[in-house]
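Asks: Chains as they are written, first to last, in our numbering: chain H, 1 to 385; chain P, 1 to 205. For every residue, glycine included, the Cβ atom is placed at its ideal position computed from N, Cα and C.
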């Protein structure tokens with residue numbers, strides 16, 4: 001099982017100081033948080049994609065490539081990559097490129113995005129959200145799975161004899177998670193392809209998360225990818241910790257009360273009761289998190305949101321220390337002890353390459369190269385790996 | 001005798017509330033009429049006043065909390081709905097509207113609905129047809145022809161107006177009962193059970 005953090009990259013005023021970081025500060029803070037995540041022993045860092053203030057992460061592969069260069073073990077992912085408004089050709093190219101640069105430590109989580117104005121900025125219409133997610137992903141799969149693609153669909157210009165480059169590392173594309181809070185069709189999409197399903201598990205009550213995951217598991221089995229309890233499930237979660245739980249509540253309350261999504265509504269106590277939000281001691285976080293498997297079953301990835309709502313970087317790094325020192329060792333041990341042998345571990349590039357029978361050079365070579373006219377004559381010299 | 005579930009949503013704010021009073025009388029007229037159809041009715045009343053904060057929370061969080069689910073679920077699964085609002089500033093009250101704003105999009109589709117409203121004077125009575133009926137038309141509910149408005153004068157204006165109100169209530173309840181009696185009992189759709197095959201989605205369905 002993998003543990004990590006995900007960031008939505010919000011630039012929020014710290015309600016206790018009235019200060020908002022600059023874009024430059026926040027972007028550097030995201031890199032610091034990711035490298036710290038590796039340092040404290042976490043497995044995954046996932047970054048959101050947004051195209052409007054107050055968010056800074058418009059170009060996640062740029063940031064993740066930079067993080068890849070500064071880490072050695074950390075799995076890099078997204079939360080989420082917009083499958084609706086991005087051209088699937090660019091997703092195929094960008095994430096394959098990132099996969100090479102990060103030596104395979106890359107997967108991605110696809111989401112539709114729920115902000116109406118964003119769609120027309122990219123020539124799309126939010127009313128087509130689900131059809132876009134369905135068609136674009138079908139094309140993305142083809143672009144990664146097939147070297148040469150002929151394609152026509154509703155939402156982009158047709159492709160004739162198109163090869164997306166670079167080809168996936170070792171011929172194995174990045175693992176894909178499909179993220180959705182409340183759309184059954186997306187759980188069905190994840191199940192159809194045998195991909196992972198991620199539920200944000202922050203904004204809605206656990207009963208709802210349970211229904212979405214149950215649907216995904218049932219349909220995963222229906223589509224012949226394995227038993228329902230072998231489907232690949234990821235969950236989010238939102239925590240704030242101090243060694244003394246009263247300190248955690250006192251310190252986090254102003255951030256909660258002003259938080260961009262749910263602020264000015266329910267109290268911290270009500271929201272903690274209604275959703276998986278846990279503000280308290282590391283022990284409380286451990287107990288709550290272990291409880292997740294009681295309503296979604298044994299699962300493969302747990303990501304925490306710790307850097308939002310204007311929390312200062314120093315505080316976020318302290319949260320990561322607490323996660324690494326106090327929470328992670330117990331969760332690793334307890335989850336591992338509870339998981340039956342037939343439930344798969346979280347997917348990694350190495351494991352997926354091994355499952356395909358080992359690595360191979362997937363490079364597609366042009367018969368001739370109009371720019372250099374080299375390939376035909378000196379193929380050995382341009383060998384990539 | 002089959003059992004029918006009648007949900008009553010009332011947005012009155014005071015206690016006692018003339019809105020609640022009208023809602024209760026509409027519910028009684030409906031159950032009496034269903035009784036004549038040989039159908040027993042269970043009535044569940046939702047006083048929106050009790051959920052005012054929960055509704056505001058739902059607007060912000062996007063989901064009904066546990067308390068509010070206790071009010072939303074019986075409405076969504078009812079065989080029929082009676083919805084009564086006071087008139088505020090020429091329309092339904094904000095509290096009344098908020099409740100229908102947070103229901104799932106299709107929650108009331110096809111559901112028989114009887115509308116009522118209360119106000120200080122009968123000059124507000126067209127609110128039912130100019131504001132409340134379009135709301136339920138949008139939600140694709142099936143509204144009965146008679147909507148009942150009760151003004152202060154109907155409650156205290158002497159025998160003639162009282163009789164007229166009682167007659168409107170009786171007629172409206174009868175219309176709702178006729179609609180309900182003619183329909184099979186409701187089975188709510190379950191989007192997590194009735195999932196579309198992915199091949200259909202792939203083919204543009």
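Spell out the partners DSSP gives residue 111 (chain H) in its beta bridges.
Replies: Counting from one through the first chain, the residue named residue 111 (chain H) turns up at place 111. Note: residue 111 (chain H) sits in a beta bridge opposite H:82.
Asks: Given 8 Å as the limit, is there contact between the stretch 297-315 of chain H and the stretch 250-260 of chain H, that is, 3 or more CB pairs closer than that?
Replies: yes
Asks: Is the closest heavy atom of the ligand ADP to the C-beta of residue 36 (chain H) under 8 Å?
Replies: The ligand content of the structure shown is nil, which means the ligand ADP is not present either.
Asks: In this structure, does DSSP put residue 1 (chain P) in helix, strand or coil?
Replies: Sequence index remark: in the second chain, residue 1 (chain P) carries index 1 (1-based). Because residue 1 (chain P) carries a pLDDT of 47, less than 50, the predicted location of this residue cannot be relied on, and the following value inherits that uncertainty. If DSSP states are grouped into helix, strand and coil, residue 1 (chain P) belongs with coil.
Asks: In the DSSP assignment, what residue or residues form a beta bridge with residue 4 (chain H)?
Replies: Residue 4 (chain H) sits at position 4 when you count from the first residue of the first chain. The partner list for residue 4 (chain H) (beta bridge, DSSP) reads H:44 and H:303.
Asks: Which residues of the stretch 48-76 of chain P have a Cβ closer than 8 Å to any Cβ of chain H? Give them in chain order.
Replies: Contact residues of the stretch 48-76 of chain P toward chain H are 56, 57, 59, 60, 61, 62, 63, 65 and 66 (C-beta to C-beta distance below 8 Å).
Asks: Thinking C-beta only, is residue 110 (chain H) closer than 9 Å to residue 133 (chain H)?
Replies: For the purposes of this step, residue 133 (chain H) is taken as residue 133 along the first chain, with counting starting at 1. For the purposes of this step, residue 110 (chain H) is taken as residue 110 along the first chain, with counting starting at 1. Their beta carbons are under 9 Å apart, which means residue 133 (chain H) touches residue 110 (chain H) by this criterion.
Asks: DSSP three-state call for residue 74 (chain H): helix, strand or coil?
Replies: Residue numbering aside, residue 74 (chain H) sits at position 74 when the first chain is read from its first letter. In this structure, residue 74 (chain H) counts as coil in the three-state DSSP scheme.
Asks: Does chain H have any CB closer than 9 Å to the CB of residue 196 (chain P)?
Replies: Taking the second chain and counting its residues from 1, the one referred to as residue 196 (chain P) is at position 196. So, interface residue.
Asks: If we call anything under 9 Å between Cβ atoms a contact, is residue 300 (chain H) one with residue 232 (chain H)?
Replies: Here residue 300 (chain H) refers to the residue found at position 300 of the first chain. Here residue 232 (chain H) refers to the residue found at position 232 of the first chain. Between residue 300 (chain H) and residue 232 (chain H), the C-beta gap is smaller than 9 Å, which places the two residues in contact.
Asks: Looking at chain P, is there any beta carbon in it that lies within less than 9 Å of the beta carbon of residue 203 (chain H)?
Replies: Numbered from 1 along the first chain, position 203 holds the residue referred to as residue 203 (chain H). Chain P contact via Cβ: present.
Asks: Could you list which residues in chain P have their beta carbon closer than 8 Å to that of residue 138 (chain H), in chain order?
Replies: Looking up residue 138 (chain H) in the first chain gives position 138. Here the neighbours are 202.
Asks: So the candidates are P:97, P:37, P:70 and P:39; which of them puts its Cα closest to the Cα of residue 45 (chain P)?
Replies: Start at 1 with the first residue of the second chain, and residue 45 (chain P) comes out as number 45. Checked all of P:97, P:37, P:70 and P:39; the closest Cα to residue 45 (chain P) is P:70.
Asks: By alpha-carbon positions, which one of H:193, H:248 and H:370 ends up nearest to residue 420 (chain H)?
Replies: No answer is possible for residue 420 (chain H): the residues shown for chain H start at 1 and end at 385.
Asks: Could you have a look at residue 15 (chain P) and say whether DSSP puts it in helix, strand or coil?
Replies: Within the second chain, the letter at position 15 stands for residue 15 (chain P). The answer is coil: DSSP assigns residue 15 (chain P) none of H, G, I, E or B.
Asks: Between the Cα of residue 236 (chain H) and those of H:84, H:205 and H:361, spot the shortest distance and give me the residue it belongs to.
Replies: Taking the first chain and counting its residues from 1, the one referred to as residue 236 (chain H) is at position 236. Nearest of H:84, H:205 and H:361 to residue 236 (chain H), Cα basis: H:205.
Asks: Would you please verify whether the beta carbon of residue 238 (chain H) is less than 9 Å from any beta carbon of chain P?
Replies: Residue mapping note: residue 238 (chain H) aligns to position 238 of the first chain, counting from 1. Taking a beta-carbon distance threshold of 9 Å, residue 238 (chain H) does not count as an interface residue toward chain P.
Asks: Compute the distance between the beta-carbons of residue 289 (chain H) and residue 302 (chain H), then report whether it is under 9 Å.
Replies: Start at 1 with the first residue of the first chain, and residue 289 (chain H) comes out as number 289. Start at 1 with the first residue of the first chain, and residue 302 (chain H) comes out as number 302. Contact: yes.
Asks: Taking the continuous alpha helix (DSSP H) assigned at residue 349 (chain H), which residues delimit it?
Replies: Translated into the one-based positions of the first chain, residue 349 (chain H) becomes position 349. Segment 349-355, the alpha helix (DSSP H) holding residue 349 (chain H).
Asks: For residue 177 (chain H), which three-state DSSP category applies?
Replies: Reading the first chain from its first residue, position 177 is the one you call residue 177 (chain H). Residue 177 (chain H) falls in the strand class under three-state DSSP.
Asks: Looking only at C-alpha atoms, which of P:63, P:108 and P:28 sits nearest to residue 138 (chain P)?
Replies: Numbered from 1 along the second chain, position 138 holds the residue referred to as residue 138 (chain P). Out of P:63, P:108 and P:28, P:108 has the C-alpha closest to the C-alpha of residue 138 (chain P).
Asks: Using the beta-carbon of each residue, which ones in chain P are nearer than 9 Å to residue 110 (chain H)?
Replies: Reading the first chain from its first residue, position 110 is the one you call residue 110 (chain H). Simply none; closest approach about 15 Å.
Asks: Please list the terminal residues of the continuous alpha helix (DSSP H) segment that includes residue 76 (chain P).
Replies: In the second chain, residue 76 (chain P) corresponds to position 76, counting from 1. Residues 66-76.
Asks: Could you tell me the alpha carbon to alpha carbon distance between residue 160 (chain P) and residue 62 (chain P), rounded to whole angstroms?
Replies: Position 160 of the second chain, counting from 1, holds the residue named residue 160 (chain P). Position 62 of the second chain, counting from 1, holds the residue named residue 62 (chain P). Going from the Cα of residue 160 (chain P) to the Cα of residue 62 (chain P) covers about 47 Å.
Asks: The stretch 73-105 of chain P: which residues have C-beta closer than 7 Å to a C-beta of chain H, in chain order?
Replies: none
Asks: When you compare only the Cα positions, how much space is there between residue 121 (chain H) and residue 41 (chain P)?
Replies: The sequence position of residue 121 (chain H) within the first chain is 121, counting from 1. The sequence position of residue 41 (chain P) within the second chain is 41, counting from 1. So the alpha carbons of these two residues sit roughly 53 Å apart.
Asks: Hey, could you find the ends of the beta strand (DSSP E) residue 278 (chain H) is sitting in?
Replies: Here residue 278 (chain H) is taken as the residue at index 278 of the first chain, counted from 1. Where residue 278 (chain H) is concerned, the enclosing beta strand (DSSP E) stretches over 278-280.
Asks: State yes or no: is the C-beta of residue 246 (chain H) within less than 9 Å of the C-beta of residue 202 (chain H)?
Replies: Locating residue 246 (chain H) in the first chain gives position 246, counting from the first residue. Locating residue 202 (chain H) in the first chain gives position 202, counting from the first residue. In this structure, residue 202 (chain H) does not lie closer than 9 Å to residue 246 (chain H) by Cβ.
Asks: Suppose the cutoff is 6 Å on Cβ atoms and the five residues either side in sequence are ignored; what does the same chain contact list for residue 118 (chain P) look like?
Replies: For the purposes of this step, residue 118 (chain P) is taken as residue 118 along the second chain, with counting starting at 1. So the list reads 18, 19, 22, 86 and 150, once near-sequence residues are dropped.
Asks: Counting only beta-carbon separations shorter than 9 Å, does residue 149 (chain P) have a partner in chain H?
Replies: Locating residue 149 (chain P) in the second chain gives position 149, counting from the first residue. No, its Cβ sits nowhere closer than 9 Å to a Cβ of chain H.
Asks: For a test of the three-state rule: what should DSSP assign to residue 197 (chain P), helix, strand or coil?
Replies: Mapped onto the second chain, residue 197 (chain P) falls at position 197. Looking at residue 197 (chain P) - three-state DSSP - the assignment turns out to be coil, as it is neither helix nor strand.
Asks: Would you call residue 167 (chain P) buried or exposed, if buried means 16 or more other Cβ atoms sit within 10 Å of its Cβ?
Replies: Within the second chain, residue 167 (chain P) is the residue found at index 167, counting from 1. Exposed, since its Cβ has fewer than 16 Cβ neighbours within 10 Å.
Asks: Locate the alpha helix (DSSP H) running through residue 67 (chain H), then write down its first and last residues.
Replies: Working through the first chain from its first residue, we reach residue 67 (chain H) at position 67. Taken as a continuous stretch (DSSP letters only), the alpha helix (DSSP H) holding residue 67 (chain H) covers 60-69.
Asks: Under 7 Å between beta-carbons, which chain P residues line up against residue 265 (chain H)? List them in chain order, please.
Replies: As a working mapping, residue 265 (chain H) is identified with position 265 in the first chain. Near residue 265 (chain H) (Cβ distances below 7 Å), the residues of chain P are 56, 57, 60 and 61.
Asks: Quick check: is the beta carbon of residue 308 (chain H) nearer than 9 Å to any beta carbon in chain P?
Replies: For the purposes of this step, residue 308 (chain H) is taken as residue 308 along the first chain, with counting starting at 1. No, residue 308 (chain H) does not count as interfacial toward chain P.
Asks: Excluding five sequence neighbours on each side, which residues of the same chain lie with their C-beta closer than 7 Å to the C-beta of residue 166 (chain H)?
Replies: Here residue 166 (chain H) corresponds to residue number 166 of the first chain, with the count starting at 1. The answer, listed in chain order, is 96, 97 and 100.
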